[in-house]
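Contents: one structure, followed by commentary.
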Amino acid sequence: MSLSFEGRVVLVTGAGGGIGREYALAFAERGASVVVNDLGGDIKGGGKSSAAADKVVEEIRAKGGKAVANYDSVEDGEKLIQTALDAFGRIDILVNNAGILRDRSFARTSDVDWDIVHRVHLRGSFLVTRAAWNHMKNQNFGRIIMTASAAGIYGNFGQANYSAAKLGMLGLANTLAIEGRKYNIHCNTIAPVAGSRLTETVMPADLLASLKPEYVAPLVLWLCHDQCQENGGLFEVGAGWIGKLRWERSQGDIVRQKNQPMTPEAVRDKWDKICDFTEATKPVSIQESLQSVVNVLSQVELAGEVGANPTAASASASGINPTEAVGKKLPPTTFSFDHTQCILYALGVGMSTKDPDHLRFLYEGHADFSCLPTFGVIPSQAAMMGGGLSTVPGLNIDFTQVLHGEQYLELYKPLPTSGKLTSEATVADVLDKGSGAIILLDVNTYNGNELVCYNQFSVFVVGAGGFGGRRTSEKAKTSLPPPRRTPDAVVIDSTTRDQAALYRLSGDWNPLHIDPSFAALGGFKAPILHGLCSFGFAARHVLKQYADNDPSRFKAIKVRFVKPVMPGQSLQTEMWKEGNRIHIQCKVKETDAVVLSGAYVDLHPASNASPENLTQGGGLQSELVFAEIGRRIKDLGSEMVKKVNAVFGWEITKDGRPAAQWTIDLKNGSGSLHKGSYSGKVDVTFTVSDEDFMEVVQGKLNPQKAFFSGKLKVRGNIMLSQKLEVILKDYAKL
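Okay, here's the thing in structure tokens:
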């Protein structure tokens, strides 16, 4: 079936000749209404004429097509789009094709040569695209083509200005592809090789004759059709050949060691490896690019540490001395992270965009973007994996015999989605189980001076018992059996073959979970899934089943690790609700083997968090601020409405739960303040704790830093946050 553009409106810039003319004719031939834009100047940007555009319009109309001419510069982007709207009522497709040349060797390139090339190519494409953008968003359809060049991709002598502008257009296109995706706006880039006024200065005449524009146009038409889902692509095209380009990156090499300076000599010595593309990777997003850096940080931290080496020398059981070990503190560890690590962890414990409820944990732009509660084990695990236990006197043990037996996690407030956390670990107790020793490690994790979460790692050291110590401890967080009845709920979730490979990117680099030969040394047929990965699966099952995926309701979790899970097996979580405690047991569905036992999740009580049922005030410090704002609105409301012209909603929380709701209307009448529910339209809503709100008001906490650390959440028109100063600084002085 042939591709039709019936009903579509297309704008082609620089369409008075060459490739642009071919695009315009081809779109019109297939039913599109076409705006033929051309300034009518020469290839250096001089002069102006309507003749070129008029001639192409006449050609289209002579064949029964629909077309109008536009003679404006692409720097007048709004005028070009308005022509489409006036003539045809919409704009669907934009081909940014206009261009000029001012070729000079770099040393001879003047400011004028540089600026005019950028104004036409890069700035012109920006201005025309921006003018079309909202129209495309509103109709939930748009196709945009950026015209780059081989000179931009590879460089070319005498074209520094042109090369820079053309590669800039590729960067612009890549970002538009990301921002436009959810609106069905696709943006692709082509680097055409065809005979035109611009290429005749750099190509022989006989070659130009063979590189016909009609060998380029079919690619552009396909990329602009409804059926084509390509987005963010870069294509070279010419002479009937089309090729897609992508970035390739060498594996590279790490050129520094922990606590050692990085030197140019180290770079020199690793240069061949850095430039070796034998096993190159092909990153396709900034997230993939950044993840490489994150991986390096983890590798540097863990390189050469005790526990990473399967041949670590054994120590005798007599090396256990509880008197020396208990109470000893391990060196503090720090963990810096942003939304990337939060999302990577969520993916590692099985979250997927297939479930709309998971998006709040997978998309940093979500209005309620949050960190999964069980991410709280990640910042603290460095105490376990970083070799800190080896520094504790009285713990002369074989770290190849260490097993993770149990885990307890308690959150004191929802985890931030970015920041720097510090963990302080203490040996709480050492127990003698005969066949081995149990080490209880308490880890407190802080965000600044604020305690965020507490972990207790219970590790079993095979063969290290028999030293005459106690068998039990009041310091241990005990596991509990489930009720003796049929489970109240059961959730079955499949792991993937690559689940362990994905989860390890959150910082547990133990080769037992990725290297078949290392797994074989441990007696396993294949690499096994991390116990804390199963822990994360089970916790999120409870969070969805009983807390509507609200992380603020999560209080604590305790599990005992019983048997390993193989990646690809299905996890079956059985749940029993007893008040705010959810007892859980996790099995492998295929074998019915229990893998997590004695487990439970504690939830905070459900809050009646609808606007009508919010606890309004109740000793909140923010109450004073809003009262003052209300008084100021009465005195100066009309002036504030002129300055702000927006409606702000505030959701104040206390201890992680909704506590009060306020609406500041500085758009209607002379302004007003509302407490509780508000029936009108709110332009932007801020969610923040009572304590952090006061920090912002008093100037102790920068709003931007609060936003990026997850303390301040915004949904709606985020740009209106710039007007907060008018409300909080000028009119909320206590």
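In terms of our numbering, the sequence shown opens at residue 331 and continues consecutively.
For each residue, glycine too, the CB sits at the ideal point set by N, CA and C.
When burial is assigned at 16 or more other CB atoms within 10 Å of the CB, is residue i buried or exposed?
i: Val597; result: exposed
i: Trp980; result: buried
i: Phe607; result: exposed
i: Met714; result: buried
i: Val308; result: Examination of residue 308 is not possible in this model, given that the chain is present from 331 through 1064 alone.
i: Gly1010; result: exposed
i: Ser940; result: With a pLDDT of 37 at Ser940, under the threshold of 50, the predicted position of this residue should be treated as unreliable, and no value is reported.
i: Ile727; result: buried
i: Met592; result: exposed
i: Leu1067; result: Since the first residue shown for the chain is 331 and the last is 1064, residue 1067 is missing from the structure and cannot be characterised.
i: Leu487; result: Strictly speaking, residue 487 in this sequence is Phe, with Leu absent from that position. Label assigned to Phe487: exposed.
i: Asn426; result: buried
i: Ser836; result: buried
i: His696; result: exposed
i: Ala868; result: buried
i: Pro1033; result: buried
i: Gly735; result: buried
i: Asn468; result: exposed
i: Ser682; result: exposed
i: Arg432; result: buried
i: Asn1047; result: exposed
i: Pro894; result: buried
Just checking my contact of residue i with residue j at CB under 8 Å: how many whole Å lie between their CB atoms?
i: Leu901; j: Val918; result: 7 Å
i: Ser666; j: Lys750; result: 5 Å
i: Val889; j: Gln737; result: 6 Å
i: Ala428; j: Ile421; result: About 16 Å separates the two Cβ atoms, so there is no contact after all.
i: Met905; j: Pro846; result: About 34 Å; that fails the 8 Å criterion.
i: Lys612; j: Trp571; result: That pair is no contact at about 22 Å.
i: Thr459; j: Pro522; result: With a Cβ gap of about 18 Å, Thr459 and Pro522 do not count as contacting.
i: Arg870; j: His934; result: 16 Å between Cβ atoms; not a contact.
i: Thr903; j: Gly680; result: Incorrect: roughly 11 Å between the Cβ atoms, too far for contact.
i: Ala507; j: Gly562; result: 3 Å
i: Gly678; j: Cys863; result: 6 Å
i: Asp759; j: Lys805; result: 5 Å
i: Phe1037; j: Val1027; result: The pair is not a contact, with the Cβ atoms about 15 Å apart (cut-off 8 Å).
i: Val1012; j: Val971; result: 16 Å between Cβ atoms; not a contact.
i: Ile912; j: Val974; result: So it is not a contact: roughly 45 Å between Cβ atoms.
Could you give the first and the last residue of the continuous alpha helix (DSSP H) run that contains residue i?
i: Ala381; result: Ala381 to Ala392
i: Lys874; result: Gly861 to Ala877
i: Pro1033; result: Pro1033 to Phe1038
i: Tyr784; result: From DSSP, Tyr784 is part of no alpha helix (DSSP H) but of the beta strand (DSSP E) over Glu780 to Val792.
i: Lys603; result: Trp601 to Ile604
i: Gln902; result: It is not in any alpha helix (DSSP H) - Gln902 instead sits in the beta strand (DSSP E) that spans Ser900 to Glu908.
i: Pro846; result: Pro846 to Leu851
i: Gly454; result: Gly454 to Gln469
i: Thr921; result: Looking at the DSSP string, Thr921 is not in any alpha helix (DSSP H), and its letter there is neither H nor E.
i: Gly764; result: Unbroken run through Gly764: none, as it is neither H nor E.
i: Asn1047; result: Here Asn1047 belongs to no alpha helix (DSSP H), and DSSP marks it neither H nor E.
i: Ala831; result: Gln829 to Tyr833
i: Lys276; result: The question about residue 276 has no answer, for the chain in this structure spans 331 to 1064.
Verify the CB distance criterion: does residue i have a CB-CB separation below 8 Å to chain B?
i: Ala1036; result: In the displayed structure, chain B is absent; only one protein chain is listed.
Following the continuous beta strand (DSSP E) through residue i, name the residue where it begins and the one where it ends.
i: Val339; result: Val339 to Val342
i: Ala362; result: Careful: Ala362 lies outside any beta strand (DSSP E) and carries neither H nor E.
i: Trp444; result: Note, Trp444: premise wrong, no beta strand (DSSP E); alpha helix (DSSP H) at Asp441 to His448.
i: Phe1016; result: Val1014 to Ser1019
i: Glu981; result: Ala976 to Lys984
i: Lys396; result: Lys396 to Asn400
Item to check | Inter-stretch contact (C-beta, 8 Å, three-pair minimum) for the segment 578 to 590 and the segment 543 to 551 | outcome: The answer is no - the segment 543 to 551 does not touch the segment 578 to 590, with fewer than three Cβ pairs under 8 Å.
Checklist entry - Okay, do the segment 1017 to 1032 and the segment 999 to 1007 touch, 3+ Cβ pairs below 8 Å being the bar? => result With a cut-off of 8 Å, the segment 999 to 1007 and the segment 1017 to 1032 do not count as touching, because too few Cβ pairs lie within range.
Checklist entry - Can you give, in chain order, each stretch of the alpha helix (DSSP H) that sits fully within the segment 635 to 710 and has at least 4 residues? => result If one requires a minimum length of 4 residues, the alpha helix (DSSP H) runs lying completely within the segment 635 to 710 are 652 to 655, 669 to 678 and 689 to 692, in chain order.
Checklist entry - Does the pairing of the segment 490 to 509 with the segment 450 to 462 give three or more beta-carbon distances under 8 Å? => result Yes, since at least three Cβ pairs between the segment 490 to 509 and the segment 450 to 462 fall closer than 8 Å, the two stretches touch.
Checklist entry - Looking at C-beta atoms only, is the number of pairs between the segment 649 to 664 and the segment 794 to 801 that lie closer than 8 Å three or more? => result Yes, they touch.
Item to check | the segment 378 to 394 in contact with the segment 435 to 446 per 3-pair CB rule at 8 Å | outcome: Note that the segment 378 to 394 does not touch the segment 435 to 446; fewer than 3 beta-carbon pairs, one per stretch, sit closer than 8 Å.
Item to check | Ordered list of beta strand (DSSP E) runs contained in the segment 550 to 604, each at least 3 residues | outcome: DSSP runs (the beta strand (DSSP E)) wholly in the segment 550 to 604: 564 to 568 and 571 to 575.
Next on the checklist: Under 8 Å: do the segment 399 to 408 and the segment 455 to 475 share three or more Cβ pairs, one atom per stretch?
Outcome noted: The segment 399 to 408, when compared against the segment 455 to 475, does touch it at the 8 Å Cβ threshold.
Next on the checklist: Using a Cβ distance threshold of 8 Å, determine whether the segment 332 to 341 contacts the segment 549 to 568, with at least three qualifying pairs required.
Outcome noted: Of all C-beta pairs linking the segment 332 to 341 to the segment 549 to 568, three or more are shorter than 8 Å, placing the two stretches in contact.
Next on the checklist: For the pair the segment 377 to 386 and the segment 341 to 351, tell me if three or more CB-CB distances fall below 8 Å.
Outcome noted: Touching, yes.
Next on the checklist: At 3 residues or longer, what runs of the beta strand (DSSP E) sit wholly inside the segment 732 to 761?
Outcome noted: Every beta strand (DSSP E) stretch that sits fully inside the segment 732 to 761 and reaches 3 residues is listed by chain position as 732 to 741.
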